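Numbering-wise (our numbering), the sequence shown opens with residue 31 and increments by one.
Idealized CB from N, CA, C, for every residue including glycine.
Predicted, not measured: the structure shown is a model, and the values here were computed from it.
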Amino acid sequence: MIRNWGIRSRVMLVAVLPTLVLAIVLTAFYTGSRVTDHREAHLARGQAFARQLAAASEYAVFSGNRESLRRLAGAMLAETDVLGVMISDRNGDALAQSGRLDATLPLPPRAVWTPGLVTASETLRVIEPVLPTSLDLDDGFDEAALDTLSGAGTPPVLGTVVVDISRAQLNARQNELLITGSAAILMVLIGSLVLAHYMSRGVTGPIRRVASAVERIGRGQFSARLSGIGGGTLRTLAEGVNQMAAKLASAHDDMSRQIADATAELRARKDEAERATLSKSRFLAAASHDLRQPMHALGLFIAELSQHTHAPASRRLVERIAASAEAMENLLDSLLDISKLDAGVLEPHISIFPLQPILDRIAAEQRPRADTQDLLLRTRPTPLWVESDPVLFERIIGNLVSNAVRYTRKGRILIACRRRGERVRIEVRDNGVGIAAEAQEIIFQEFIQLDNPARSRDKGLGLGLAIVRRLTDLLGHRLAVRSRPGRGSVFAIEVPAAQPVEYAEPGETRRQPGDLLGVRVALVDDDPLAQAGMRSLLTSWGCEVSAGSDIESVLAALARSGHEPQLVISDYRLHGTSNGIDAIRMARTRYGESLPATLISGDTGPETLRQAQSEGLALLHKPVRPARLRALLNRLSDPERDF
31 MIRNWGIRSR VMLVAVLPTL VLAIVLTAFY TGSRVTDHRE AHLARGQAFA RQLAAASEYA
91 VFSGNRESLR RLAGAMLAET DVLGVMISDR NGDALAQSGR LDATLPLPPR AVWTPGLVTA
151 SETLRVIEPV LPTSLDLDDG FDEAALDTLS GAGTPPVLGT VVVDISRAQL NARQNELLIT
211 GSAAILMVLI GSLVLAHYMS RGVTGPIRRV ASAVERIGRG QFSARLSGIG GGTLRTLAEG
271 VNQMAAKLAS AHDDMSRQIA DATAELRARK DEAERATLSK SRFLAAASHD LRQPMHALGL
331 FIAELSQHTH APASRRLVER IAASAEAMEN LLDSLLDISK LDAGVLEPHI SIFPLQPILD
391 RIAAEQRPRA DTQDLLLRTR PTPLWVESDP VLFERIIGNL VSNAVRYTRK GRILIACRRR
451 GERVRIEVRD NGVGIAAEAQ EIIFQEFIQL DNPARSRDKG LGLGLAIVRR LTDLLGHRLA
511 VRSRPGRGSV FAIEVPAAQP VEYAEPGETR RQPGDLLGVR VALVDDDPLA QAGMRSLLTS
571 WGCEVSAGSD IESVLAALAR SGHEPQLVIS DYRLHGTSNG IDAIRMARTR YGESLPATLI
631 SGDTGPETLR QAQSEGLALL HKPVRPARLR ALLNRLSDPE RDF
């Protein structure tokens, strides 16, 4: 506690403590000596009274003269502080008694041989034996002969004298001495405190001024200075503080100028970077939209073309074209996923489901590719259930397995699960190239591919693990990686465990939906190529299509035909000030608010996603996969049908 005291408190402690200790020691010694002297004097006085009375009463006790003994006892009461006197014979019987004896103190039952003292809080009792006086007679008998004749080694005791003396004056004197000593100590304490106070002010005053100046300098008041603080070390300290303040003021001015210059330069570069970022964003948005438009039309034409009968050579050519288009669509879908996650519009739907069906599906999807690379892809069976979003969870594990297949040259890949308390740990293990410790964090950044400096297309775009990190953060799952170069990697996520419940396994999402024959579709798209491709594909599915570049022309065509549409498909970005949402609103105003509708857009910005969600509209991003489009149309045209 003392280490937290200030200088003034410590100076006062140093000044007061030794003085106070010395005063207490000297006062205690002096008071104790005085008390002892008074106590011994009081005791000696009592013993003198008892001895005097014992000597005077010798003959009277011997002769049994009680009257003489009473006079002697009464005369003793005249002495100061004598409370009571008793003279008894050798058997302890009282011969004479005067005054008041203290009943709390014991009386001798018989005559005593030696003097005694008994002390109480208020009384001192002195006991003195009455002994016969020895006479020196020149009769030829020596003392030894007398002892032999008497038959005893000691003279006989005639009786006992008991004198009670009051301790009141002694106690009063002791209390007076104690009060005087305490007063002396108190006066010394007060004096030392006063002296220490003045001393501490003289010592701590300059130091406090220095501390105050340093505090002001610390707050930025570099003009603070010290003057008239004293001499010696204090003056040296004050001069050092003044020099420090001057140098700090100069350095602060220089730094302020540098900061102002750097801030101005940084602001200019920031404005330039923001302009560049805005230009880049506009370019990417326009490029993405313009790239998705022809890709969308290409996918529709390829889907329609694949439905026709072709010669084997032509069929292989169509399949290769479809594979190339699918690879491009996969890359665009990854960019779309990143955009959704960054926009915060992706909402998880948590449910309880078994792990094994999902792991089996992922293994079935990745096994053909693993077989082409001579890899053994195996799933360890598990009865565990978890609580998560099944679609997003499958995307996470699928990306991890796909990444393992891509970067494993030979060996095997294992998908295994085990329970750890209240969580389930799902691991994807491989014996691939491995990852160095310093790179195990950056692999989750966008467009990072450690083993693909040439950016080979068959190794993806470098977004798979970035999507995994964002999805696990969104779901609140733990993601971990353990790897060594040349020894393989283990990617793991931990998901809350759950108890089994009634669960219906959803059907295969890519299976062929039902028949669309006769479904009347209102199609709005201002891109002629995309409109032609969509119209041709829908017609090949048996739909009756009314198409146009704006909703007005489509509604006019429907009015001429006398038919009402069963669903609306509209591109989001249209010519003019209206968009696809406005077109769907107009169609629903005419044909009812329950008219099914969906948006198709090459825009992947967050604002488009939010607008579609706020309107409750399904949104398909270009290029639209025909299987996904057909499944959506079946669901919209007949919501009660089980797909």
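Query                                                                                                       : Result
Within-9 Å CB hit, G451 to chain C                                                                          : Protein chain content of the structure displayed is limited to a single chain, and chain C is not contained in it.
C-beta contact flag for A648 and L666 at 9 Å                                                                : yes
Proximity below 9 Å, CB of L137 to CB of G114                                                               : no
Burial state of D172 (16 or more Cβ within 10 Å)                                                            : Reliability of the predicted coordinates at D172 is poor, the pLDDT of 49 falling under 50, and the value obtained from them is presented with this limitation in mind. Per the 10 Å Cβ criterion, exposed.
Buried or exposed by the 16-neighbour rule on C-beta atoms within 10 Å, applied to K652                     : buried
Contact between the region 77-90 and the region 208-228 (3+ Cβ pairs under 8 Å)                             : no
Coil, strand or helix - D419 by DSSP                                                                        : coil
Reduced DSSP category for G62 - H, G, I as helix; E, B as strand; rest coil                                 : helix
Nearest residue (CA-CA) to I473, options R499, V454 and T619                                                : R499
Buried versus exposed call for Q403 [16 or more other C-beta atoms within 10 Å across all chains shown]     : exposed
Cα-Cα separation between G462 and R249, rounded to whole angstroms                                          : 59 Å
Closest residue to P420 among S222, L505 and R350 (Cα-Cα distance)                                          : L505
H593 - partner residues in DSSP beta bridges                                                                : None, per the DSSP bridge assignment.
Simplified DSSP state of R299, which is helix, strand or coil                                               : helix
Residues near P626 by beta carbon distance below 6 Å, same chain, minus five either side                    : L597 and L666
Minimum C-alpha distance to T149 - residue among P159, L135 and P139                                        : L135
Cα-Cα separation, G181 to Q199                                                                              : For G181, the predicted structure reports a pLDDT of 44, less than 50, and the residue's modelled location is therefore unreliable. The matter cannot be settled from this model.
Inter-stretch contact at 8 Å, needing at least 3 Cβ pairs: the region 441-457 / the region 514-531          : yes
Neighbour-count burial assignment, F521, 16 or more Cβ in a 10 Å radius                                     : buried
Cβ-Cβ separation, R96 to L125 (assumed contact under 8 Å), whole Å                                          : 6 Å
Run of the alpha helix (DSSP H) containing A496, from where it starts to where it stops                     : G494 to L505
Contact check, L444 vs V435, beta carbons under 9 Å                                                         : no
Beta-carbon gap between I630 and D580 smaller than 9 Å                                                      : no
Sheet register partners of P526 (DSSP bridge)                                                               : R453
According to DSSP, residues forming a beta bridge with I157                                                 : G146 and V192
Contact check, D194 vs L99, beta carbons under 9 Å                                                          : no
Sequence-distant residues of the same chain with beta carbon closer than 8 Å to V91, five excluded per side : L99, I117, D119, L125, V160, L188 and G189
Span of the alpha helix (DSSP H), counted from its first residue to its last, around I388                   : L385 to T402
At least three beta-carbon pairs within less than 8 Å, the region 585-592 to the region 561-573             : no
Status (buried if at least 16 other CB within 10 Å, exposed otherwise) for T57                              : buried
Under 9 Å between C-beta atoms of L389 and T409                                                             : yes
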